[in-house]
Amino acid sequence: MSEKVGTCQYEGCKREPLPDSKYCICHEKSDDKDIEAFNREIEKIMQNKDVEFYDFRGFYFPESFDFEVIYRYLEDRTFDKGVNFEKAIFYSVDFERAKFLKNSNFSFAIFQRSVNFKKAIFDGETHFDGATFQGMTYFTGAEFQLAYFKGAIFSKKVEFINAKFKRVNFENAFFQKEADFEVAIFKDVTFFERAEFQEKANFRHTKFWVVSFGESKFWGESHFEDAEFQETIFEFVIFDQDTSFRRAEFQEETYFSNVTITGNINFMDTIFKKRVDFRDCRTVEKINFNFYRTEFHDELLLTIIEGQPLLNFRNTRFSDKIWIGAKTDLKNAIFHFSRTELVDFTDAIFPEKIYEERLLEKKFHGQLEKDEKEYCPESWQEVSTIYRKLKQAHQKYGDYAKAGEFFYREMECKKKSYREEQEWHWNRVWLWFYKILCGYGERVKNIVGCSAFIVFLCSFFYYLSGISRIGEGVIKFSFESGFSLKEFGYSIYYSIVTFTSLGYGDIHPLGWSHVIASIEVILGVFFMSLFVVVFVRKMSR
Ligand SMILES: [Zn+2]
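Read the sequence shown against my numbering and you will find it ends at 574, with the numbers running on by one and no gaps.
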């Protein structure tokens with residue numbers, strides 16, 4: 034090469050440029066360049082025994098290029114040396130069953146049409162960082178040791194079905210169409226941090242060891258059904274559409290903290306063997322947050338700081354290290370048949386009536402909507418049981434005030450369940466009294482109200498049947514003299530004195546008033562003691 038002609042403008046290239054071009058035959062970005070000349074250059078590279086790696090950096094492979102030109106120099110498509118295709122531009126590639134025994138570099142390569150790496154084996158360090166895959170891409174059944182796909186862009190559907198990875202890094206990778214990783218195996222550390230899935234992401238039946246999806250965004254449906262995880266991080270992830278982890282297994286600690294969930298999310302039959310962290314989740318209303326039959330073998334920390342999702346804990350298997358609390362609005366939570374009595378609900382927000390009670394009420398009014406049917410309990414007895422467990426849970430963690438409220442609802446539902454049975458039941462009468470007298474031992478105001486009522490009622494009777502005041506004689510209502518407020522006042526005064534069994538003796542009963550006074554004094558003693566018991570119990574909590 035003479036200095037006059039100069040060299041190709043591509044960095045580090047010493048080839049002669051083509052006439053009327055700054056670039057050599059290899060780097061010229063033209064589809065109608067001389068394919069024979071191009072092939073000769075490729076052959077030179079393949080034949081050169083002195084270099085450490087096949088250097089195709091920045092090459093432009095035209096449409097007419099046939100990969101057989103390369104394979105002719107390789108045994109069984111096996112690259113015994115490293116390959117460097119950095120910034121190369123391909124039309125379509127066929128690396129099916131190719132073996133890269135040493136390092137391979139496809140960083141910032143552009144694949145313009147379909148990409149075939151089916152069953153390719155990458156034994157060395159592999160780089161696809163910043164590569165752009167513009168056609169359908171197949172890594173189906175490919176095997177990687179240490180692979181980097183950082184910031185790679187997949188514009189069409191990509192298949193990694195059945196692929197095997199040891200360490201792999203998909204940080205900031207951008208999947209514009211479906212990404213299919215079904216049955217893939219990730220044997221070591223895997224990074225999908227800040228990756229973005231614009232359409233469906235399929236990780237069904239995949240096996241992960243340590244994996245981080247931190248800050249990644251799933252804008253389409255995502256599927257992790259039957260996947261197996263060891264240590265897993267989904268922190269700050271956005272699940273925009275429906276997401277399923279059905280039957281997935283998490284063997285080690287799992288982090289879902291700070292996730293944003295705006296589609297339904299399904300953990301049905303999922304197993305968490307170790308601690309799982311769902312703190313500070315953000316959701317929207319009406320989505321299903323489904324933990325149906327989910328098994329929590331260890332700790333669960335769940336707080337939802339935004340939204341009131343339909344939290345389905347039906348048949349959930351809770352361990353005794355569960356915390357669902359801190360501002361988590363449980364307006365639409367379902368706790369049917371789960372071991373709620375073990376749960377720490379510190380600072381969780383419960384509605385006055387739990388979702389299941391509201392559903393059952395709706396059912397009786399014939400207003401149950403179709404999608405609500407599956408969550409509706411069968412009977413009031415069942416709702417009552419849920420309340421009893423919630424009561425136990427709150428007692429366990431020392432929130433007796435809330436426990437009292439749940440006891441009240443438990444009794445209310447029990448009362449309804451007797452009514453439901455339609456049979457005469459002494460318990461029903463007892464519960465009715467129990468509620469009116471003292472709100473199942475929870476309502477001091479009921480006792481006060483009942484006492485006031487009795488005092489007032491008795492004073493009426495005294496006024497009608499007559500009492501006698503020392504110095505003033507008989508106090509009794511008569512039509513001739515009409516109603517006297519002063520006299521009625523004395524009746525009330527006498528009633529209070531009797532009710533509290535004070536008995537000053539300045540007024541004494543006449544006729545039937547003896548009977549009323551006897552009854553009132555007994556009731557008075559009863560209500561006074563009831564008041565003391567309930568009041569002291571409530572205060573001592
Ligand atoms: Zn060149």
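Built from N, CA and C at the ideal position, the CB exists for glycine as well.
Beta-bridge partners of residue i, as assigned by DSSP
i, result
"LYS240", "ILE218 and GLU261"
"ALA577", "In the structure as shown, the chain starts at 34 and stops at 574, and residue 577 therefore has no counterpart that could be examined."
"ASN138", "ASN117 and HIS160"
"LEU179", "GLU158 and ARG200"
"SER245", "PHE224 and ILE266"
"ASN12", "Examination of residue 12 is not possible in this model, given that the chain is present from 34 through 574 alone."
"SER277", "HIS256 and ASN299"
"LYS132", "THR111 and ILE154"
"ARG582", "Residue 582 lies beyond the range of the chain shown here (34 to 574); nothing can be said about it."
"PRO542", "ILE500"
"ILE143", "ILE122 and THR165"
"PHE251", "PHE230 and PHE272"
"THR170", "VAL148 and VAL191"
"PHE100", "In the DSSP output, where bridge partners are listed per residue, PHE100 has none listed."
"TYR43", "TYR43 is not bridged to any residue."
"PHE283", "PHE262 and PHE305"
"PHE329", "PHE305"
"ILE75", "ILE75 pairs with nothing; no bridge assigned."
Close Cβ partners of residue i (< 6 Å) along its chain, the five nearest in sequence each way excluded
i, result
"LEU363", "ALA381 and PHE383"
"ILE218", "LYS197 and LYS240"
"LYS395", "LEU401"
"THR327", "PHE300, THR303 and THR349"
"PHE161", "PHE139, PHE182 and ALA185"
"ASP127", "PHE100 and ASN149"
"ASN479", "CYS471 and GLY472"
"ILE78", "TYR87"
"GLU36", "Since pLDDT at GLU36 reaches only 45, below the 50 mark, its modelled position is unreliable, and the value read off the structure follows with that caveat. Correct list: empty, nothing qualifies."
"GLN315", "Here residue 315 is Arg; the residue named in the question, Gln, does not match the sequence. The answer, listed in chain order, is THR293 and GLU339."
Cβ shell of residue i (< 8 Å), same chain only, five flanking positions each side left out
i, result
"LYS286", "Correcting the residue identity first, residue 286 is Glu in this sequence and not Lys. If we look at GLU286 and ignore the five residues flanking it on each side, its Cβ neighbours are GLU264, THR265, LYS307, ARG308, VAL309 and ASP310."
"ARG237", "GLU215, VAL216, HIS256, PHE257, GLU258, ASP259 and ALA260"
"ALA228", "PHE203, GLU204, ASN205, ALA206, PHE207, PHE208, PHE246, SER249 and LYS250"
"TYR467", "MET444, TYR473 and GLY474"
"LYS132", "ASP109, ARG110, THR111, PHE112, ALA153, ILE154 and ASP156"
"ILE194", "THR173, GLY174, ASP213, PHE214, GLU215, VAL216 and ALA217"
"LEU392", "LEU401, GLU405, TYR408, CYS409 and PRO410"
"PHE166", "PHE144, VAL148, ALA185, ILE186, PHE187, SER188, LYS189 and VAL191"
"PRO95", "SER63, ASP64, ASP65, LYS66, ILE68, PHE71 and TYR124"
Option nearest residue i by Cα separation, candidates the options
i, options, result
"GLY247", "LEU333, ASP313 and GLU204", "GLU204"
"ALA196", "LYS220, LYS189 and SER188", "LYS220"
"GLN284", "PHE262, LYS62, GLU402 and TYR325", "PHE262"
"MET561", "THR533, LYS571 and PHE278", "THR533"
"TYR288", "PHE305, SER277, ASP275 and ASN299", "PHE305"
"GLU438", "LYS448, TYR420, GLN455 and LYS447", "TYR420"
"THR336", "SER501, ALA359 and ILE78", "ALA359"
"VAL317", "SER188, ASP99, ASN297 and ASP64", "ASN297"
"ALA175", "ASN149, PHE98, LYS135 and PHE269", "ASN149"
"ASP64", "ASN72, GLN80, GLY39 and PHE98", "PHE98"
"HIS427", "PHE378, ASN81 and GLU85", "PHE378"
"TYR171", "LYS135, GLN178, ARG130 and SER137", "ARG130"
"GLU226", "TRP252, PHE267 and ALA234", "PHE267"
"ILE469", "LEU563, GLU96, GLU456 and ILE508", "LEU563"
"ARG280", "THR361, LEU464 and PHE324", "PHE324"
"GLU505", "PHE141, ASP539, CYS483 and VAL116", "ASP539"
"PHE322", "GLU332, PHE346 and ASP331", "PHE346"
"PHE521", "GLY536, HIS541, GLY499 and GLU513", "GLY499"
"VAL102", "GLU85, GLU76, PRO542 and ASN291", "GLU76"
"HIS369", "ILE387, ILE355, PHE71 and SER484", "ILE387"
Residues near residue i by beta carbon distance below 7 Å, same chain, minus five either side
i, result
"SER450", "SER412, TRP413, GLN414 and SER417"
"HIS60", "CYS41, TYR43, CYS46, GLY91, PHE92 and TYR93"
"TYR56", "CYS41, GLN42, TYR43 and PRO50"
"GLN425", "GLU374"
"VAL558", "SER534"
"ASP275", "GLU254, GLY296 and ASN297"
Chain D contact for residue i (CB, 9 Å cutoff)
i, result
"LYS448", "Among the chains of the structure shown, chain D does not appear; only one protein chain is present."
At which residue ranges does the stretch 463 to 536 contain complete alpha helix (DSSP H) runs of 4 or more residues, listed in the order of the chain? 477 to 498 and 518 to 532
Just list the alpha helix (DSSP H) runs in the stretch 103 to 130, keeping only unbroken ones of 4 residues or longer that don't cross its boundaries, in chain order. Listed in chain order, there is nothing to give.
Whether or not the stretch 364 to 372 and the stretch 337 to 349 are in contact is what I'm after, with contact meaning three or more pairs of Cβ atoms, one per stretch, closer than 8 Å; do they touch? yes
Along the chain, which unbroken stretches of the beta strand (DSSP E) at least 3 residues long are found entirely within the stretch 335 to 421? 343 to 345 and 355 to 357
Three CB pairs or more closer than 8 Å across the stretch 551 to 559 and the stretch 474 to 482: no
At which residue ranges does the stretch 421 to 459 contain complete alpha helix (DSSP H) runs of 4 or more residues, listed in the order of the chain? 433 to 454
Three or more beta-carbon pairs under 8 Å between the stretch 450 to 463 and the stretch 482 to 497, yes or no? The stretch 450 to 463, when compared against the stretch 482 to 497, does not touch it at the 8 Å Cβ threshold.
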